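Report on one structure; see the data block that follows.
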Amino acid sequence: MSNMGSGVSYREITVKSALTRVQGMPFAWSLNPYSGCERACVYCYARDYHARRGRDTGAGFDREIDVKVNFPDLLALELRRLRKRETVALGTATDPYQQCEGRYRITRRTLEALVASPLPLVVITKGSMVVRDIDLLARLDVKVCMSIGTVSTELARTSEPHASPPKARLEAVRRLAAAGIDAGVLAAPILPGLSDSEESLDAVAAAAAMNGATFFSTRPLKLDPSVKPHYLAFLSEHFPALLPATEARFAERINPERGYTDMLEERARRVRSRYRFHERPFRKPEPSTPSQLRLTI
Ligand code: SF4
Numbered sequence: 000m001s002n003m004g005s006g007v008s009y010r011e012i013t014v015k016s017a018l019t020r021v022q023g024m025p026f027a028w029s030l031n032p033y034s035g036c037e038r039a040c041v042y043c044y045a046r047d048y049h050a051r052r053g054r055d056t057g058a059g060f061d062r063e064i065d066v067k068v069n070f071p072d073l074l075a076l077e078l079r080r081l082r083k084r085e086t087v088a089l090g091t092a093t094d095p096y097q098q099c100e101g102r103y104r105i106t107r108r109t110l111e112a113l114v115a116s117p118l119p120l121v122v123i124t125k126g127s128m129v130v131r132d133i134d135l136l137a138r139l140d141v142k143v144c145m146s147i148g149t150v151s152t153e154l155a156r157t158s159e160p161h162a163s164p165p166k167a168r169l170e171a172v173r174r175l176a177a178a179g180i181d182a183g184v185l186a187a188p189i190l191p192g193l194s195d196s197e198e199s200l201d202a203v204a205a206a207a208a209m210n211g212a213t214f215f216s217t218r219p220l221k222l223d224p225s226v227k228p229h230y231l232a233f234l235s236e237h238f239p240a241l242l243p244a245t246e247a248r249f250a251e252r253i254n255p256e257r258g259y260t261d262m263l264e265e266r267a268r269r270v271r272s273r274y275r276f277h278e279r280p281f282r283k284p285e286p287s288t289p290s291q292l293r294l295t296i
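Numbering (numbering that gives the first Met the number 0), first residue to last: 0 to 296.
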């Protein structure tokens, strides 16, 4: 166990597999080189995966990070055995650019394994450290989804306390795009009453377009039972006026009602049409596209 002085502890573990089969998603495999996530986003759906493994979904998820030290070597072996060219998604249950990635370089070595045995790749992150790996990403058939739900520094600071600030994430998009890498913005999740206005969505889309993003996708908030208490505690502390409506909306369900998601989708469509986003397909035909990803990641 090690500690980098930020109150986050890192536990080195070995795992038995690197690729995880995924059902019902626009990608076939997921890759998560770490477990837990120090970004500590109050709405994080990955807390639910932690709950299913009997782990703590609060500070345990945010502050006790498992580092899968044998992950890249294992992945290299598994990739050599794969027969089908299916899409993999890196960072579905953790941010692959944890602070300790600077030291461990597990994600970097994961990308090296993918360069050696290429598959279409989606990288999902809130970390500006991704630009460190531009040299490898440029050699991959990749879409980088920079997760930015708001350009409000204050909302980001309170709801995603240890993520790179929105400006830094946008700058990373700009640098990736300038290097010729297909990089866009995944505005997810959109928080009811906080980031779901057309004005707020427009501000994110405008910033994405200005920084060369190739796509702009959105996803509504989803509150699994193990996630809900953390989100409601955040509202209670920072936005108590939103608490009753949010509790009522999610009292009997984990996804918002259809009327709301349709309205959100329509807002996103209008916003998207105001800017120039040029989605690129994977180099070889693949079923998944960023627009499909918006509802499912
Ligand atoms: S960065 Fe992603 S995985 Fe990490 S806490 Fe935030 S939403 Fe969860």
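The beta carbon of each residue, even a glycine, is placed where N, CA and C say it ideally should be.
Quick caveat, the model's predicted, so the values are computed rather than measured.
C-beta neighbour in chain B for residue i, strict 9 Å
i: F26; result: No chain B appears in the structure shown, which is made up of a single protein chain.
Of the residues the options, the one placed nearest residue i, counting alpha carbons only
i: R168; options: C36, N210, A115; result: N210
i: T91; options: P228, G6, Y33, E63; result: Y33
i: L120; options: H161, S127, M128, E111; result: E111
i: C80; options: L118, Q98, R46, V66; result: Before going on, a small fix: residue 80 reads as Arg here, not Cys. Considering only alpha carbons, the answer is L118.
i: K166; options: T260, A137, A206; result: A206
i: G183; options: H229, E265, A212, E278; result: A212
i: P228; options: T217, F249, P219, R38; result: F249
i: F281; options: D140, I253, V87; result: D140
i: A115; options: R138, T124, S158, R104; result: R138
i: K15; options: I64, N69, G35; result: N69
i: L190; options: C43, H49, P219, K142; result: P219
i: S163; options: T124, E246, L193; result: T124
i: F215; options: A267, P224, T86, D223; result: A267
i: R297; options: K83, G35, T13; result: It is not possible to answer for residue 297, since the shown part of the chain is limited to 0 through 296.
i: S225; options: G23, G53, D65, D181; result: G53
i: Y42; options: R82, L263, K221; result: K221
i: E85; options: V270, M262, G258, L30; result: L30
i: G59; options: Y103, A244, Y9, R269; result: Y9
i: V270; options: E159, G148, D223, A202; result: A202
i: E159; options: F276, Y259, R104, D61; result: D61
Alpha-carbon to alpha-carbon, residue j and residue i
i: G179; j: L135; result: 12 Å
i: A186; j: A204; result: 9 Å
i: S151; j: S196; result: 13 Å
i: R108; j: G101; result: 12 Å
i: F26; j: V7; result: 31 Å
i: R156; j: Q98; result: 17 Å
i: A208; j: P188; result: 19 Å
i: E153; j: E278; result: 30 Å
i: L303; j: D47; result: Not covered by the structure: residue 303. The range shown for the chain is 0 to 296.
i: L292; j: D94; result: Residue confidence is low: L292 scores 48 on pLDDT, short of 50, so the model does not pin down where it sits. Its coordinate-derived value is still stated next. Straight-line Cα distance between these residues: approximately 17 Å.
i: Y44; j: A177; result: 31 Å
i: P56; j: E256; result: Residue identity differs from the one stated: residue 56 is Thr in this sequence, not Pro. One C-alpha to the other measures close to 25 Å.
i: A240; j: S194; result: 15 Å
i: T106; j: V87; result: 14 Å
i: S272; j: G192; result: 23 Å
i: E265; j: T217; result: 11 Å
i: M262; j: H49; result: 31 Å
i: E246; j: S199; result: 22 Å
i: A244; j: Y103; result: 43 Å
i: R252; j: E63; result: 29 Å
i: Y96; j: V122; result: 10 Å
i: K142; j: N254; result: 26 Å
i: D181; j: M24; result: 20 Å
i: T149; j: P71; result: 33 Å
Beta-carbon proximity list for residue i, same chain, < 6 Å, skipping 5 on both sides
i: L18; result: W28, E77
i: Y274; result: A204, A208
i: A75; result: A112
i: L73; result: A17
i: S5; result: none
i: E11; result: V66, V68
Residues of its chain near residue i, where Cβ-Cβ distance is below 8 Å and the 5 sequence neighbours each way are ignored
i: L242; result: L231, L234, S235
i: R297; result: The shown model of the chain, from 0 to 296, leaves out residue 297, and the question about it has no answer.
i: R20; result: A27, W28
i: T13; result: K67, V68, N69
Close beta carbons around residue i, own chain, < 7 Å, minus the five adjacent residues each side
i: A171; result: S127, V129, V130, M145
i: H161; result: E37, R38, A39
i: H237; result: T157
Complete alpha helix (DSSP H) runs within the stretch 124–153 (minimum length 4 residues, chain order): 133–136
Let me know the alpha helix (DSSP H) ranges lying completely inside the stretch 27–106, each 4 residues or longer, listed in chain order. 45–51, 58–62, 70–80, 100–103
Run through the stretch 193–277 for me and flag every whole alpha helix (DSSP H) of 4 or more residues, listed as ranges in chain order. 197–209, 227–237, 242–248, 257–272
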